[in-house]
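Have a look at the structure below before the remarks.
Number of protein chains: 2
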Amino acid sequence: MTQSSHSMLHPKPLTKEHFAGFGDVIELADANPIEINDGNCLRYSDLAAINIDDTGKTGISLFDAKAYISPLLLTYVERHPLGSQAFLPTNNDPYLVIVAADNNGEAQAPEVFVTSGYQGVNYYRNTWHGVLTPIESRSLFVVVDYIGKGSNLQEFEYATPYLIDFGSI
Amino acid sequence: MTQSSHSMLHPKPLTKEHFAGFGDVIELADANPIEINDGNCLRYSDLAAINIDDTGKTGISLFDAKAYISPLLLTYVERHPLGSQAFLPTNNDPYLVIVAADNNGEAQAPEVFVTSGYQGVNYYRNTWHGVLTPIESRSLFVVVDYIGKGSNLQEFEYATPYLIDFGSI
Numbered sequence: 001m002t003q004s005s006h007s008m009l010h011p012k013p014l015t016k017e018h019f020a021g022f023g024d025v026i027e028l029a030d031a032n033p034i035e036i037n038d039g040n041c042l043r044y045s046d047l048a049a050i051n052i053d054d055t056g057k058t059g060i061s062l063f064d065a066k067a068y069i070s071p072l073l074l075t076y077v078e079r080h081p082l083g084s085q086a087f088l089p090t091n092n093d094p095y096l097v098i099v100a101a102d103n104n105g106e107a108q109a110p111e112v113f114v115t116s117g118y119q120g121v122n123y124y125r126n127t128w129h130g131v132l133t134p135i136e137s138r139s140l141f142v143v144v145d146y147i148g149k150g151s152n153l154q155e156f157e158y159a160t161p162y163l164i165d166f167g168s169i
Numbered sequence: 170m171t172q173s174s175h176s177m178l179h180p181k182p183l184t185k186e187h188f189a190g191f192g193d194v195i196e197l198a199d200a201n202p203i204e205i206n207d208g209n210c211l212r213y214s215d216l217a218a219i220n221i222d223d224t225g226k227t228g229i230s231l232f233d234a235k236a237y238i239s240p241l242l243l244t245y246v247e248r249h250p251l252g253s254q255a256f257l258p259t260n261n262d263p264y265l266v267i268v269a270a271d272n273n274g275e276a277q278a279p280e281v282f283v284t285s286g287y288q289g290v291n292y293y294r295n296t297w298h299g300v301l302t303p304i305e306s307r308s309l310f311v312v313v314d315y316i317g318k319g320s321n322l323q324e325f326e327y328a329t330p331y332l333i334d335f336g337s338i
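So the sequences go chain by chain: A and B. Residues in the first sequence are numbered consecutively from 1, following the working numbering. Residues in the second sequence are numbered consecutively from 170, following the working numbering.
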């Protein structure tokens, strides 16, 4: 019997409950809107905890990301010590959200989620996460994160990569 | 001969050049991306000048706005003294962008633009602007603006409303 070289992971639906501790799920569900503009617009306010180091500033950027194909070989995760990082899709296609708990600076086993229709995420400062991973189409995302000259990227390479199977989504 | 009660305005295409002084046009055109994530993603960084009063904080919200039909009767504009306000569409439908210069606290005649495909806007702090105005479909927007308890809304009512004709778009 040979040992399998990779653990196979399957995405679970992204929910606020499962994502607690890693970041915010930015969505209309469970939010309480207020009516503005004479009833023509619903405002769902303040859905993400922005936390940006004062060595820089909060910025708005656009990320144009290629789609990945299943199975995805996850070799590393990254984190940003100087700020939270929010991703908001400009379409309704799902994408993977990969996060991992930390233990003394080392990422633990990844947890893999898939978004359903319109869901954004805001990774808390220092949350280990995978790179932006559309799975249906090349996609444009609005990103709100740290802009500045500080050293804001740390990477953790897994001793044994993980395979993520999302072929049935 | 009777006097026309309303001036009829026709939207012009939104460009950075025409929008200078009012805010930022958030788009990929003319921006210089960097490659990240092993070449799988282009990052267009820092496309808007966020300016939020320190009586509050920068927040991420979602606006769910109904579409308007042509002609639109523009009776007032508004502005936010405590912060810039960015709107980023989550679809590729056009919307109107209405702004006006200020003269001693009074809004001047409106200038009317229409977006083309994917364009976000960031109104500078204190720029007079019309409310969020999708014209094709009910649309969801990401909004980055002031969150706090300060008094952040001023309105200016035009003595004579304007009619905006976008029926041919």
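Glycine residues also receive a C-beta, built at the ideal position from the N, C-alpha and C atoms.
Residue range 16-19 is occupied by the alpha helix (DSSP H) that includes F19 (chain A). Listed along the chain, the chain B residues whose CB falls inside 9 Å of the CB of T55 (chain A) amount to none; the nearest CB is some 15 Å away. Here DSSP, grouped into helix, strand and coil, assigns D314 (chain B) to strand.
In the DSSP assignment, V25 (chain A) falls within the beta strand (DSSP E) that extends over 23-26. Counting of Cβ neighbours within 10 angstroms places G289 (chain B) among the buried residues, the total reaching 16 or more. With respect to the 7 Å criterion, F63 (chain A) and F156 (chain A) are not classified as neighbours on the basis of their beta carbons.
Under the Cβ criterion of 7 Å, N321 (chain B) is not counted among the residues facing chain A. Residues of the segment 201-217 of chain B with a C-beta less than 9 Å from any C-beta of chain A: P202, I205, N206, D207, G208, N209, C210, L211, R212, Y213, S214, D215, L216, A217, listed in chain order. Of the candidates B:V300, B:A278, B:F256, B:F256 places its Cα closest to the Cα of I195 (chain B). Residue pairing by DSSP places F87 (chain A) opposite A:V121, A:V143 in a beta bridge. Beyond the five residues adjoining it in sequence on each side, H80 (chain A) comes within less than 6 Å, by CB distance, of N152 in the same chain, given in chain order.
At a cut-off of 7 Å between beta-carbon atoms, I69 (chain A) makes no contact with chain B.
Taking 7 Å as the cut-off, the Cβ atoms of A236 (chain B) and R307 (chain B) count as close. For D222 (chain B) against Y331 (chain B), the beta-carbon gap comes to about 30 Å, at or over 8 Å, which does not count as contact. Note on geometry: alpha-carbon atoms of A200 (chain B) and A217 (chain B) lie some 12 Å from one another. At a C-beta separation below 9 Å, V131 (chain A) has these neighbours in chain B: I205, N206, D207, N209, C210.
Residue state for G274 (chain B) is assigned as coil, using DSSP reduced to three classes. The beta carbon of E204 (chain B) sits closer than 7 Å to those of L211, all from its chain and outside the five residues before and after it, given in chain order.
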